[in-house]
Structures are given as C-alpha cells and as structure tokens.
Amino acid sequence: MKLNELTVKEANEKLTKREITSLELTKACLARIKEIDNKIKACLTVCEKEALEAAREADRRRAKGEAGELLGIPCLIKDNILTKGIRTTAASKILENYVAPFDATVVKKLKEAGAVILGKTNLDEFAHGASTENSAFGPTHNPWDLNRVPGGSSGGSAAAVAADMCLFALGTDTGGSIRCPASFCGVVGLKPSYGRSSRFGLIAMTSSTDVPGPLAKTVEDAAIVMSVIAGQDKLDSTTAGEKVPGYSQKLDSIKGLKIGVPKEYFIKGMEKQVEEAVKAAIAKMEELGGEIIPVSLPHTKYAVPVYYIITPSEISSNLARFDGIKYGLSEKDAQNLAEIYFKSRGKGFGPEAKRRIMLGTYVLSAGYYDAYYLQAQKVRTRIIQEFDRVLSEVDILATPTSPDTAFKIGEKSNDPMQMYLEDIFVSGASLAGLPAISVPCGFINPIGYKENKMKCGDIEGNKLNEKQKSGAGGLPVGLQIIGRRFDEATIMRAAREFEQATEWHKRKPEL
Amino acid sequence: MKFSKKDIQHIANLARLELTDEELKIYGSQLSDILNYIGQLREVDVSGVEPTAQTAGLENIFREDEIEEWDEEEREAALNQSPMMENGFVKVKRVLE
Chain A
225 MKLNELTVKE ANEKLTKREI TSLELTKACL ARIKEIDNKI KACLTVCEKE ALEAAREADR
285 RRAKGEAGEL LGIPCLIKDN ILTKGIRTTA ASKILENYVA PFDATVVKKL KEAGAVILGK
345 TNLDEFAHGA STENSAFGPT HNPWDLNRVP GGSSGGSAAA VAADMCLFAL GTDTGGSIRC
405 PASFCGVVGL KPSYGRSSRF GLIAMTSSTD VPGPLAKTVE DAAIVMSVIA GQDKLDSTTA
465 GEKVPGYSQK LDSIKGLKIG VPKEYFIKGM EKQVEEAVKA AIAKMEELGG EIIPVSLPHT
525 KYAVPVYYII TPSEISSNLA RFDGIKYGLS EKDAQNLAEI YFKSRGKGFG PEAKRRIMLG
585 TYVLSAGYYD AYYLQAQKVR TRIIQEFDRV LSEVDILATP TSPDTAFKIG EKSNDPMQMY
645 LEDIFVSGAS LAGLPAISVP CGFINPIGYK ENKMKCGDIE GNKLNEKQKS GAGGLPVGLQ
705 IIGRRFDEAT IMRAAREFEQ ATEWHKRKPE L
Chain Y
58 MKFSKKDIQH IANLARLELT DEELKIYGSQ LSDILNYIGQ LREVDVSGVE PTAQTAGLEN
118 IFREDEIEEW DEEEREAALN QSPMMENGFV KVKRVLE
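Heads up: the sequence lines are chains A and Y, in that order. The letter at position 252 of the first sequence is residue 476 when you use the numbering used here, and the numbering goes up by one with no holes. The letter at position 89 of the second sequence is residue 146 when you use the numbering used here, and the numbering goes up by one with no holes.
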C-alpha cells in the first residue's frame, strides 16, 4: 500500500511506531497530486516548500517524544478558508491574488496539532453551488468518472480525498457543501452543528449557516479531525460553549438507537437506485440493532425555497465588502469611486455570485422584505420546530444525502433552478443548525454502464470481488445521518458502525 | 413576477454591479424563474410564528472593548493588499464630481 492511501489513524500508528516519517508521507501525497491532479483539478494551490518544512518540523516534534493524532498528517484546505502567507482565492477572480495576513481559527488549530498543509482546493466561487463548476478557475472532475462533477461546493476537497492526494481535507458547509461532494465522491463528510467549529477566517457566505468540517476516508478519521477543530473561539462569538467530547473515543454501537426515517426524503423523481441503496443501508442499521421508526417532516419541501431567500440575502450583504478598495481585484480604468465599485465587481464576480447578490438585493429591498425575507425566516422557524420535535422522539434521522449521484459536467450548469434542487435533502439540517454526516452506502450503475451491472445495496454479505473493489462502473451513493444539535458524537457512532459493517468505504476509483 | 431589463438594471445598480446587455437579459429570465419557485412559501401558515434570528441558542456575548496591538508584519501584509496606498493610508478615487 502506498503511503498516501493510508487513513489518518493508520498513518498515526505508523508514525508512532517510527515505521514511517511525516516527510515520506508528505512526499507521497505531493507525488500523487503531481501524478493525477492534471486530470482531476482538485487543487488551486500546492505549497510544496511549506509542506515539506511542516513535515520536517512534525518529525522533529515526534523525535522529541511528542505525540498527536494529526502530528505530521498531510491535508488539503478548501480555498475559502484563510491560510497565512498562502493565496486564498475563494475560486473567484476578485480574490485571484489575495494572500491572507492571518490563519483561520480551524487552520491555526490544525497547525498547532502538527497537521501538514499541502495546499488549497477548488470550490464553486465563494462556495455558491453544488457541482464545483462555478469555480472561476475551471471545474474539478469526479475521480470515479472524469466526465462528471464531484459535487459541491467543497468538490476539490472531496475529490482529493477520494483520489488519495491527502489523508483528509477541510471543507465548509452552508447548505450541503460538505455532504453533497462527500456523497458524489464516495468519502465521509461531516457538517458539524452550527457554532461547533469557528467561522473566524472563513470567507463569509451565509453567516447564519456557514460551518467548517472534515472530509475523510473513514468516520473515525472525521472524528479525529473534528476533535481538533471543534470548540469555542473568542474570535467567533457564535461558537458554542458546549463541551467537546473526544469524538473518536465515543464510537460504540448502533444497538438501541432510535433511527427516524422521514418519508419526505424519499420522493418521486429521485434516482431509483439511490433509493434502493439507502433503504438497504437503513435495513443494515436495523440488523445492527437500531430501531427503525417512520417519521414525518412535512415542511421539508420548503427548505430549498427558504434557503434560496436567506442565502442570497446574506450573500448580498457579505459580498458587499469586495469593492476593489482594500484588497482584491481593482479595476484601474475608472474615473471615480463609484465606478471602481461597479467595474471591479462586474468584472470580478462570476455569474452565480452575481445572480445571488442580485436576488438577495431584491428580496431585501423596500416593499419586498416582508413577503420574502421575513416570511422565509418564519418558515425556517417551522422547519426547526419540526426537526426538534421529531428528534425528541428519535435519536437520529437516516436519509439519502442527495436525490441522485454525480451528474455530467455541463448537464445542469445552464439552469440554476435545477442546480438549486440538488440541495433538497441537505438544506434542512443547515437551516436548523443540526449536525449531519454523509457516509458511503452503495454504488449505482449510471446509464451506459450496463455491462458492469451489479446489484445495489447488500451484495453477497457486503464482500466485494476484485472488480467491484476497483469500483469499475459505479458511482457512489451517500447515506445522510442527521442528529440533535451539538450531538455529533451520536451521528458519528451510527455512521461508524454502519461503515465498519459494510465495505463501501474501501472501494477506490480507478485512475 | 416577471423582470424587465429596466428592473434588473435597477437591482444591479443597488448592488453596484456593472452588467453587460447579455447579462441583463439572462438574469431577467433566471431571476423570474427563481422567484416564481420561492414564491410557494406564501402558502405556509406562519401565524403566531416568530422569525428565526439564530440557531445556536446563545444570548448576548460581551467582551471588553480593548485595543489590541497587531503584529507589525501582519499589519503590513494586510495593508499591502490595497491597490492604492499613500503614507500608510488606503487611497481612493474622487467621491464627488
């Protein structure tokens, strides 16, 4: 096995036993990036020099007797999270040459823990999208099928983890941006509760739902990373004081858990094979001792319309700071101050950012505020109350992460409405601030792959043959598990046991 | 809701965005579609429901209003991002004609 293919846990064990060094591990990841990223385009910036230096430093710390689950572990960071001295672009022309003077709190915490930052990953511009096609620097390609999108907006991070360019990556989730790409790329993605991890140093999109979290190869790895990045931060007054448990120590069984299955998450029009795979996963959790309880969340269908009022509103406000004055693209050919604003913003923002800024500007404008924004915040309250009520009766909810699997590049990019509907199963937990995780639960055969037809869901006791292990002809499906506010521990516990009882996470794309 | 080119131009002015003719046309039809879709929220009964302000359940978080010295190197790195500087200040173009 190549070093870059290790999980965080395995690498830490080998580092602890002095079988490998962080320098070797880091070099293996950098070599993998060089080998395949011209095809996948997951990275916007690779900082080889800084990474090698950080790896040597981690090795020195270990030589002195220091230990730590992330000490010397190479990772990638989504490019809307600030990294001191290393370019942060948000995949936008308006920030193409921006270099942050400080680290985001989550980056600072990773560095203190000794993680090695390899570079920055691609995203939809300012995290606006579900496919990573809205990047000003071109789309990322899905490692399972290079003609398809990796999901978004943390598509670069998910694709990089799936293709073993790093051991884990950071993403941000505003309305599904960690979970959707995790599902499309067949990796684990955890969106923590709102306020569980600091937003300081994230380029703000929707301040009332933005939250950073890990994309990883296993649930246990996600738990290890989460334990490091979680916690109250005096630089983000919306972070909660709730105690951060040692997540990786709490991964016991599903037995006795009450698992709610909301009927509104299995709808007409969703991909049949996704439905089958998720239902098979739920049956597996029952077999493992979970109690399956049908529940109803009737306001689910309003989550997307609420999200697409609140999000553009906050975006129109948050993106007002990009004005060509203090940093970022500044149009030289302007006669006065107003012209600098108009021209820099007109030139610097891509189509989706402009669309959202205008939508937000409109729904917040005099005469429309009550009808749109205020109404949306009231319906949001209904959505939250509904989740809270159901989650007082069950411990977790199990749903599909997405109604389909990775679609083709270009298939939906001309129709913003089609793209927004991708968020149908993920936006609810974001609006309510609840923790949610996506974990691989199967593979489907996209049309045209009939020659490799294999059964969805449970295949021969979940043991894979050689061909299936290589993932030939399949696209990953994600199971979403939603939990109570600040109870990341329980969703990870359920996800972990499901993962260990199946072999979906062991499959690798053939590149 | 159907947006005319003039409506879109007005919204773009409010948002300080210079748009091309082509953009004005495309955004008109796309924003109309999106608004028609989100308009379905009107059918939800929200009588007696408070609008959401936040989900973390936190109450006022206070801190002392103290001046903290900023690292000189970081300060310079921040200011050097500005396209126009003079004597340590960010310079802007004429505001009034």
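The beta-carbon is built from N, C-alpha and C at its ideal position, and this holds for glycine as well.
{"Item": "C-beta atoms of residue 366/A and residue 303/A nearer than 9 Å", "Value": "no"}
{"Item": "Assigned exposure category for residue 333/A - 16 Cβ within 10 Å defines buried", "Value": "buried"}
{"Item": "Neighbour list for residue 87/Y in chain A, Cβ cutoff strictly below 7 Å", "Value": "579 and 640"}
{"Item": "Proximal chain Y residues relative to residue 419/A, where beta-carbon distance stays under 8 Å", "Value": "112, 113 and 115"}
{"Item": "Residue 314/A beta carbon less than 9 Å from that of residue 266/A", "Value": "no"}
{"Item": "Interface flag, residue 124/Y vs chain A, CB-CB below 9 Å", "Value": "no"}
{"Item": "Extent of the continuous beta strand (DSSP E) to which residue 259/A belongs", "Value": "No beta strand (DSSP E) contains residue 259/A, which is instead part of the alpha helix (DSSP H) from 246-264."}
{"Item": "Closer than 9 Å at the beta carbon, the chain A residues around residue 97/Y", "Value": "525, 526 and 529"}
{"Item": "Strand pairing of residue 415/A, partner residues [DSSP]", "Value": "660/A"}
{"Item": "Rounded straight-line distance, which links the Cα of residue 362/A to that of residue 594/A", "Value": "38 Å"}
{"Item": "Residue range of the unbroken beta strand (DSSP E) whose run includes residue 313/A", "Value": "Looking at the DSSP string, residue 313/A is not in any beta strand (DSSP E), and its letter there is neither H nor E."}
{"Item": "Whole-angstrom distance between residue 588/A and residue 71/Y, CA atom to CA atom", "Value": "11 Å"}
{"Item": "Below-9 Å beta-carbon distance, residue 61/Y vs any chain A residue", "Value": "no"}
{"Item": "The stretch 700-714 of chain A / the stretch 649-667 of chain A touching (three or more Cβ pairs under 8 Å)", "Value": "yes"}
{"Item": "Neighbour flag for residue 468/A against chain Y, beta carbons, 9 Å", "Value": "no"}
{"Item": "Outcome for residue 226/A when other beta-carbon atoms lying within 10 angstroms are tallied against a minimum of 16", "Value": "exposed"}
{"Item": "Simplified DSSP state of residue 117/Y, which is helix, strand or coil", "Value": "coil"}
{"Item": "Interface residues of the stretch 648-673 of chain A facing chain Y [CB-CB below 9 Å]", "Value": "655, 656, 657 and 658"}
{"Item": "Contacts around residue 477/A, its chain only, beta-carbon distance under 6 Å, and the 5 residues preceding and following it disregarded", "Value": "721"}
{"Item": "Bounding residues of the alpha helix (DSSP H) (the contiguous stretch that carries residue 221/A)", "Value": "Residue 221/A falls outside the range modelled here, since chain A spans only 225 to 735, and no answer is possible."}
{"Item": "Cα-Cα separation, residue 92/Y to residue 615/A", "Value": "32 Å"}
{"Item": "Sufficient close CB pairs (3 or more, under 8 Å) joining the stretch 414-427 of chain A to the stretch 441-458 of chain A", "Value": "yes"}
{"Item": "The beta strand (DSSP E) enclosing residue 108/Y, as first and last residue numbers", "Value": "No beta strand (DSSP E) holds residue 108/Y; DSSP gives it neither H nor E."}
{"Item": "Validate contact between the stretch 496-504 of chain A and the stretch 621-628 of chain A using beta carbons, cut 8 Å, 3 pairs", "Value": "yes"}
{"Item": "DSSP state of residue 146/Y mapped onto helix, strand, coil", "Value": "strand"}
{"Item": "Cα-Cα separation between residue 460/A and residue 511/A, rounded to whole angstroms", "Value": "42 Å"}
{"Item": "Residue 734/A versus 368/A, 584/A, 580/A and 539/A, residue with shortest Cα-Cα distance", "Value": "368/A"}
{"Item": "Residues near residue 687/A in its chain [Cβ-Cβ closer than 8 Å; skip 5 each side]", "Value": "In this prediction, residue 687/A has a pLDDT of 46, which is less than 50 and means its spatial position is unreliable; what the coordinates show is noted afterwards. 727, listed in sequence order."}
{"Item": "Cβ-based contacts, 7 Å cut-off: residues of the stretch 127-148 of chain Y near chain A", "Value": "131, 134, 135, 138, 139, 140 and 147"}
{"Item": "Through-space distance from residue 508/A to residue 554/A, alpha-carbon basis", "Value": "55 Å"}
{"Item": "Limits of the alpha helix (DSSP H) - the one that residue 605/A falls within", "Value": "599-617"}
{"Item": "Alpha-carbon spacing of residue 258/A relative to residue 433/A, whole angstroms", "Value": "35 Å"}
{"Item": "Test: residue 593/A CB closer than 9 Å to a CB of chain Y", "Value": "no"}
{"Item": "Residue 619/A to residue 75/Y span [Cα, whole Å]", "Value": "50 Å"}
{"Item": "Between the CA atoms of residue 132/Y and residue 123/Y - distance to the nearest angstrom", "Value": "18 Å"}
{"Item": "Start-to-end residues for the beta strand (DSSP E) that takes in residue 344/A", "Value": "340-345"}
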